[in-house]
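Residue numbers (our numbering): 429 to 1021.
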């Protein structure tokens, strides 16, 4: 007798079974497993799936069905617990959210459907965010962190705030601009007084701003905005170049940077001191020295105080380093100090290697820039007073030059001059824009020095500038190690010119540059003081054969006037004459290898 297969009778198909089958399918169960667990024929479940198009239901719809099922179950429950009511409330809010998502998804809604709070975004007038907002906690962080990391001589400057006028002669790169930027910012926060920063050029003045913005961000996560920074207490931080026509309209504490390098200092000091005329304000002057012929020397030495005074009212001030090393209030009511690089090192500054600086600078440069000794330009081929007249505020006057752009000068023509590095020496690179018209100016757009690079690396740096500018002429001193740089540059710029210096060539270079400087047709930024000091190192010498030549202590152990020679390399082919246009038929011809 054959074995008879007896199938259990299927339960009555109800809406609940269909819904449970659907939920199990959405949960990932296969039809066979659903059939087994619900004791329902697989063919029946498959027909439901096809007829009601379960596969076409979007995820939002599937979740919505699950929410509905659970919510119905809880609502039908006769005795509800506290957790049941909480779950009902939660599921109700989720159902509402699903409805908003569906409306947004089907194109009939907008972002308000997803986030109802957005509906209030444009209601009424919104309160504008306070610019440069600083809360109490941030202000405390800024004030308390001010003197952290400052050196002893900077703390002496801080104590000298009680004096109306501070006048500081200082070494290069010992953090004067850095310190006074911080001091002024904290003073503005605590007193509400305006702070005015005055420099030879706008670009140089904006260095104060950079220090302030970085300090605020790093110390208290404050983002300061605006070219003139306005603080919540009403104080303003104002950054000016010396050619600013509106300088005299401001009032506040004055910080006058690099005063010994500023043209027409007498005129600017009258304007500057007027800005701080009220008794609540201070005046601070600081600079590396230049020459005793500069008007700022008379202001520092007391000679300006004695001017037009009766003999009985005149004063004598000892401005020796020994007398002013620790800072002193002098008879002209100015607190004065001289801070050499050695003083800075004694005060805790550990940022220098003296041996490197001595190797990289001529004796005259080192004494002037780091030992606070005034330069004697009587033996120099270029006079300080002439060089000063060639300085301009490039950010204010050169509107066709955008130094922060990828192509700072667009497709305009520039020349590149290069003075290579020797042993213990710096290399110098300059970008010069020739004039567009006859009789125009030669502008030094960019200058940069390098140290410790082999000739291949030096050549790669030159190539980078060729990518950033439309360089139509490259001139390199190929004497000594310069030959290697020159050969490398010719691989990517075959038209590069190489110079082998001799007495006649140097004479030609210096005389042509003197001609341009005396006619004020060589221009560079007022903040580029190293160009001035570099030209001042060029001295006239007599060779063993009685010829006149020009030198800058160009030995293996000393540097040299590198920037000046790089510039003179650039403008060697400029002809003599009133016009000086490079396209002129009147020119001097040199043969280059």
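Idealized CB from N, CA, C, for every residue including glycine. It should be emphasised that the depicted structure is a prediction, and the values quoted were computed from it without experimental measurement.
Supposed contact pair residue 765 and residue 752 - C-beta distance, whole angstroms, cut 8 Å: Between the beta-carbon of residue 752 and that of residue 765 there is about 6 Å, and that keeps the pair under the 8 Å contact cut.
Anticipated Cβ contact below 8 Å, residue 892 with residue 848, distance rounded: No, residue 892 and residue 848 are not in contact; Cβ-Cβ is about 16 Å, not under 8 Å.
Per DSSP, cross-strand counterpart(s) of residue 854: 879.
Alpha carbon of residue 686 to alpha carbon of residue 713, nearest angstrom: Computed Cα separation, rounded: 8 Å.
7 Å CB neighbourhood of residue 975 in its chain, flanking five on each side removed: Excluding sequence neighbours, residue 975 sits near 931.
Supposed contact pair residue 664 and residue 670 - C-beta distance, whole angstroms, cut 8 Å: That pair is no contact at about 19 Å.
Short Cβ contact (8 Å threshold) for residue 818 with residue 735: Contact flag unset, no.
Continuous beta strand (DSSP E) stretch holding residue 594: start and end: Here the beta strand (DSSP E) through residue 594 covers 593-598.
Straight-line Cα distance separating residue 703 from residue 677: In this structure, the alpha-carbon of residue 677 lies about 7 Å from that of residue 703.
Beta-carbon gap between residue 606 and residue 771 smaller than 8 Å: Cβ atoms of residue 606 and residue 771: not closer than 8 Å.
Alpha helix (DSSP H) runs contained entirely in the stretch 600-681, provided each spans 4 or more residues: Listed in chain order, they are 604-619 and 630-648.
Contact check, residue 991 vs residue 875, beta carbons under 8 Å: Yes. Within cutoff.
Beta-bridge partners of residue 843, as assigned by DSSP: Beta-bridge pairing links residue 843 to 860 and 901.
Limits of the unbroken beta strand (DSSP E) element including residue 713: Here the beta strand (DSSP E) through residue 713 covers 711-715.
Proximity of residue 749 and residue 768 at Cβ, strictly below 8 Å: Residue 768 sits close to residue 749, with the two beta carbons spaced by under 8 Å.
Simplified DSSP state of residue 767, which is helix, strand or coil: Residue 767: strand per DSSP, three-state reduction.
Whether residue 1031 touches residue 815 by CB criterion (8 Å): Lying outside 429 to 1021, the shown extent of the chain, residue 1031 is not represented and no answer is given.
Residue from 723, 716 and 813 with nearest C-alpha to residue 698: It is 723 whose Cα lies nearest to the Cα of residue 698.
Boundaries (first-last residue) of the beta strand (DSSP E) holding residue 967: 967-970 is the span of the beta strand (DSSP E), which, as asked, contains residue 967.
Secondary structure of residue 579, DSSP reduced to three states: Three-state DSSP puts residue 579 in coil, outside helix and strand.
Exposure of residue 443, with buried meaning 16 or more beta-carbon neighbours within 10 Å: Exposed, because fewer than 16 other Cβ atoms sit within 10 Å of the Cβ of residue 443.
Straight-line Cα distance separating residue 774 from residue 1022: There is simply no residue 1022 to check, as the chain begins at 429 and stops at 1021 in what is shown.
N-terminal and C-terminal residue of the alpha helix (DSSP H) that residue 991 is part of: Looking at the DSSP string, the run of the alpha helix (DSSP H) that includes residue 991 is 990-998.
CA nearest to the CA of residue 746, picked from 740, 756, 871 and 739: Comparing Cα-Cα distances from residue 746 to each of 740, 756, 871 and 739, the minimum goes to 756.
Inter-residue Cα distance where the pair is residue 785 and residue 741: Within the model, the alpha-carbon separation for residue 785 versus residue 741 is close to 43 Å.
Given 8 Å, three or more beta-carbon pairs between the stretch 457-469 and the stretch 495-511: Segments in contact, no.
Under the three-state DSSP convention, the category residue 513 falls into: It is helical.
The stretch 622-639 touching the stretch 599-614, judged by at least three CB pairs closer than 8 Å: Contact between the stretch 622-639 and the stretch 599-614 is present, because at least three Cβ pairs lie under 8 Å.
Element boundaries [beta strand (DSSP E), containing residue 977]: Here the beta strand (DSSP E) through residue 977 covers 976-979.
Residue(s) in a DSSP beta bridge with residue 756: The partner list for residue 756 (beta bridge, DSSP) reads 764.
Cα-Cα separation, residue 929 to residue 613: So the alpha carbons of these two residues sit roughly 50 Å apart.
Rounded C-alpha distance that separates residue 415 from residue 809: Outside the modelled stretch of the chain, which goes from 429 to 1021, sits residue 415, for which no answer is possible.
DSSP bridge partner residues for residue 871 (one or two, in chain order): Bridge partners of residue 871: 861 and 951.
N- and C-terminal bounds of the beta strand (DSSP E) containing residue 926: Here the beta strand (DSSP E) through residue 926 covers 925-927.
Other residues of its chain near residue 615: CB distance less than 7 Å, five sequence neighbours each side excluded: Answer for residue 615: 621, 623 and 681, listed in chain order.
Minimum C-alpha distance to residue 1059 - residue among 514, 820 and 726: The structure shown has nothing for residue 1059, since the chain only spans 429 to 1021.
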